[in-house]
Amino acid sequence: MPSVLLSACGVEAAEHCNGAKEGAVMGAILGLLQDYMQVSGLKAALRPPEVPPAMVASIANRQRADLLFSLRSNVSPGGARRPLQGCDVCYHPASERSRRLAELLQESIRPVSVDPERVRTMSSPGLPDFRMAKCPAVQLRLGFRDHPDDAQWMLQRPGVISHALAKALAAWFEVPCKSPFSDVQATVNAPGGSLALRRAPLADAELLRPLPNGTRLTLLHREGEWQYVEFDGACGYVSRKFLQIK
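So for the sequence shown, this note's numbering puts the first residue at 27; every next one is plus one.
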């Protein structure tokens, strides 16, 4: 079974501009990602929080991990006129396989990000000891914690983010990305004959497509009265009250 080491490499106590703590935000995303990976047939372990991030490559080597994935937020440099925004998928320039993995993650996270044009891959020789990793290794700097839009996205959309990451990692290992709720049956049953699949959990959010009654959906995660689902390769939100869930 392929194995992945997941690591939150930011400062746990760092505060986002919306008051959230770095450790809680990254922990929520990695916890959901771990669930997705395990049901998809991948062994996923989380770096113990007491182990310094600089030691993560050594841990990956010791555990003979097949992939190292670390996650953190970013912060605008001192003196910046305004907070920066966007996602950076970083890899060590000495590893061609890590570069290809970074590009795969970029393709997956871009459609669900706040601003798809600001999602990029970048060579980063300064990643802590990543040059020592014997497996492909990448670090996703998910957004800028001092930018309001990025901070809210990271806090409010952990399920969307983790699912996008899970799809990329499953594709890397060439296995199907399964949902932790894949054994649950969900069928559309709306009064008007169809149910709106929307981009966000809001009644006026962009309509992705109508789903006729009787449509079977894959459940991904819940956000209050909304359900994040997948159908025919498309992911979005539907109102839970119009689903028959067994």
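Ideal placement from N, C-alpha and C gives every residue a C-beta, glycine not left out.
{"Query": "DSSP-derived helix/strand/coil call for residue 69", "Result": "strand"}
{"Query": "Assigned secondary structure, residue 171 (DSSP; H/G/I helix, E/B strand, else coil)", "Result": "coil"}
{"Query": "Inside the region 220-247 only - beta strand (DSSP E) runs reaching at least 3 residues", "Result": "220-224 and 233-238"}
{"Query": "Between the CA atoms of residue 255 and residue 205 - distance to the nearest angstrom", "Result": "10 Å"}
{"Query": "Secondary structure of residue 44, DSSP reduced to three states", "Result": "coil"}
{"Query": "Sufficient close CB pairs (3 or more, under 8 Å) joining the region 220-228 to the region 196-212", "Result": "no"}
{"Query": "Reduced DSSP secondary structure (H/G/I, E/B, other) of residue 136", "Result": "helix"}
{"Query": "Cβ-based burial, residue 63 [other Cβ within 10 Å; buried from 16]", "Result": "buried"}
{"Query": "As assigned by DSSP and simplified to three states, the class of residue 164", "Result": "strand"}
{"Query": "Beta strand (DSSP E) runs wholly inside the region 107-137, at least 3 long, in chain order", "Result": "113-117"}
{"Query": "DSSP bridge partner residues for residue 191 (one or two, in chain order)", "Result": "According to DSSP, residue 191 bridges with nothing at all."}
{"Query": "Range of the contiguous alpha helix (DSSP H) that encloses residue 88", "Result": "82-88"}
{"Query": "Helix, strand or coil at residue 98 according to DSSP, with G and I counted as helix", "Result": "strand"}
{"Query": "Contact under 8 Å by Cβ, residue 66 with residue 164", "Result": "no"}
{"Query": "First and last residue of the uninterrupted beta strand (DSSP E) at residue 262", "Result": "260-265"}
{"Query": "C-beta contact flag for residue 94 and residue 34 at 8 Å", "Result": "no"}
{"Query": "Alpha carbon of residue 58 to alpha carbon of residue 130, nearest angstrom", "Result": "19 Å"}
{"Query": "N- and C-terminal bounds of the beta strand (DSSP E) containing residue 207", "Result": "No beta strand (DSSP E) contains residue 207, which DSSP labels as neither H nor E."}
{"Query": "Where the beta strand (DSSP E) containing residue 257 begins and where it ends", "Result": "252-257"}
{"Query": "Under the three-state DSSP convention, the category residue 38 falls into", "Result": "coil"}
{"Query": "Beta-carbon proximity check, residue 174 vs residue 151, cutoff 8 Å", "Result": "no"}
{"Query": "Three-state secondary structure (DSSP) of residue 145", "Result": "strand"}
{"Query": "Start and end residues, beta strand (DSSP E) containing residue 153", "Result": "Run containing residue 153: none; DSSP gives neither H nor E here."}
{"Query": "Residue 43 and residue 172 closer than 8 Å at C-beta", "Result": "yes"}
{"Query": "Residue 184 burial status per 10 Å Cβ neighbour count (16 or more: buried)", "Result": "buried"}
{"Query": "Own chain partners of residue 188 with C-beta closer than 7 Å, once the 5 adjacent residues on each side are dropped", "Result": "55, 58, 59 and 62"}
{"Query": "Residue from 180, 166, 218 and 242 with nearest C-alpha to residue 259", "Result": "242"}
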